[in-house]
Structures are given as C-alpha cells and as structure tokens.
Amino acid sequence: PPLDSTEMVPRNWYQIALQILKAFMENPAYDGAVVLHGTYTMAYTSALAFLLKGLPKPVVVTGSQVPLSKPRSDALRNFVSSVAVSAEGSKQGIRELMIVFGSRILRGCRARILWFRHAKLPLPRNQWPCCGV
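Going letter by letter, the sequence shown gives residues 8 to 140 in the numbering used here.
#1: So, helix, strand or coil for isoleucine 101, using DSSP?
#2: Could you tell me the boundaries of the alpha helix (DSSP H) in which alanine 50 lies?
#3: Which of the three DSSP states is assigned to arginine 79 in this structure?
#4: Are the CB atoms of valine 67 and alanine 40 within a distance shorter than 9 Å?
#5: Around the Cβ of asparagine 34, are there at least 16 other Cβ atoms within 10 angstroms (buried) or fewer (exposed)?
#6: Counting pairs of beta carbons, one from the stretch 80-87 and one from the stretch 55-63, are three or more of them closer than 8 Å?
#7: When DSSP builds the beta bridges, which residues end up paired with leucine 43?
#8: With a threshold of 6 Å on Cβ separation, who are the neighbours of threonine 48 within its own chain once the five nearest residues in sequence on each side are excluded?
#9: Enumerate in chain order the residues of its own chain whose CB-to-CB distance from serine 53 is below 7 Å, with the five nearest sequence positions on each side excluded.
#10: Looking at the secondary structure, which residues open and close the beta strand (DSSP E) in which leucine 59 lies?
#11: When the Cα of alanine 94 is compared with those of Phe108, Lys64, Gly45 and Pro78, which residue comes out closest?
Listed below in structure tokens is the structure:
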C-alpha cells in the first residue's frame, strides 16, 4: 500500500526489497523494477542497493518535484524515463539500483539529498551521474 515517504523506516525498505525479489522470482521474464518514491527520503531508500546486492536485474527508484495532478509535473517524464532505463539497463547487463530524476541517472549507493531553493533533489556523492536521459 502507498506510504508517505517521510514516514518510512528501515522495515519498509526490507518490505520493498522483498517485494522486488518476490516479483523477480515469480516472473523471471521481467527486465527490471521501478519503485515510485517521494523525494524527501529517496536517498535513504537507495540503501536498497545494499539489500539487493547481487540482484541480476536493474532496479530504478524515481519520484517527482511536482505531483502528477499539478501543472508542469515532472512525474510522468521521470516514470517513463525510469521504465526505459530499467529495460535498457537489463539489456546492457546493468545490475544495480539507480535513481532516475530529472535528466540524471544516479548510482543508488552514491545518492544524497541537497536543497536548492525550495527543491529537494537527489544528487550523487563523490561522483558525477552515470549518464543522462
């Protein structure tokens, strides 16, 4: 069930990891997974990278600065980009957790949150984004 990302605790990260693993075991044809997430704790949830270490498929976490129901939302663009990155990542042999946000693809294990004028954005720690969308 949906959960406000500001209310997430480590138990929720385990639940997400278990759901992903269960989906991949039940549906081996899946190319990857996309997790829709609030921006406030997205970088913390990227700790899933360690819970899913060794996973044979890509997992992409994404969110939006503006809700889907609002004008100029980035939600649909981020979602479509995430599905494309997950599918293409699978074809390219990428097997890690990534964050797709805006036009950036970040390694999940390197993400952190920075504030920019009322906007909270996931950014890479100690490295540039993997590539752009």
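All C-beta atoms in this analysis are idealised placements derived from N, C-alpha and C, irrespective of residue type, glycine included.
Since the model is a prediction, treat every value here as computed from it, not as a measurement.
Working from what's here:
#1: The answer is coil: DSSP assigns isoleucine 101 none of H, G, I, E or B.
#2: Element bounds for alanine 50: 49-52.
#3: Arginine 79 falls in the coil class under three-state DSSP.
#4: Yes, they are a contact pair.
#5: Residue environment for asparagine 34: exposed (fewer than 16 other C-beta atoms within 10 angstroms of its C-beta).
#6: Too few Cβ pairs lie closer than 8 Å, so no.
#7: DSSP output for leucine 43 lists Thr69 as bridge partner(s).
#8: Excluding positions up to five away in sequence, the list reads Ser12 and Met15.
#9: Closer than 7 Å at the Cβ level, and outside the excluded window around serine 53, lie Val68, Leu104, Ile106, Gly115, Cys116 and Ala118.
#10: Where leucine 59 is concerned, there is no enclosing beta strand (DSSP E), given that its DSSP letter is neither H nor E.
#11: The residue with the shortest Cα to Cα distance from alanine 94 is Lys64.
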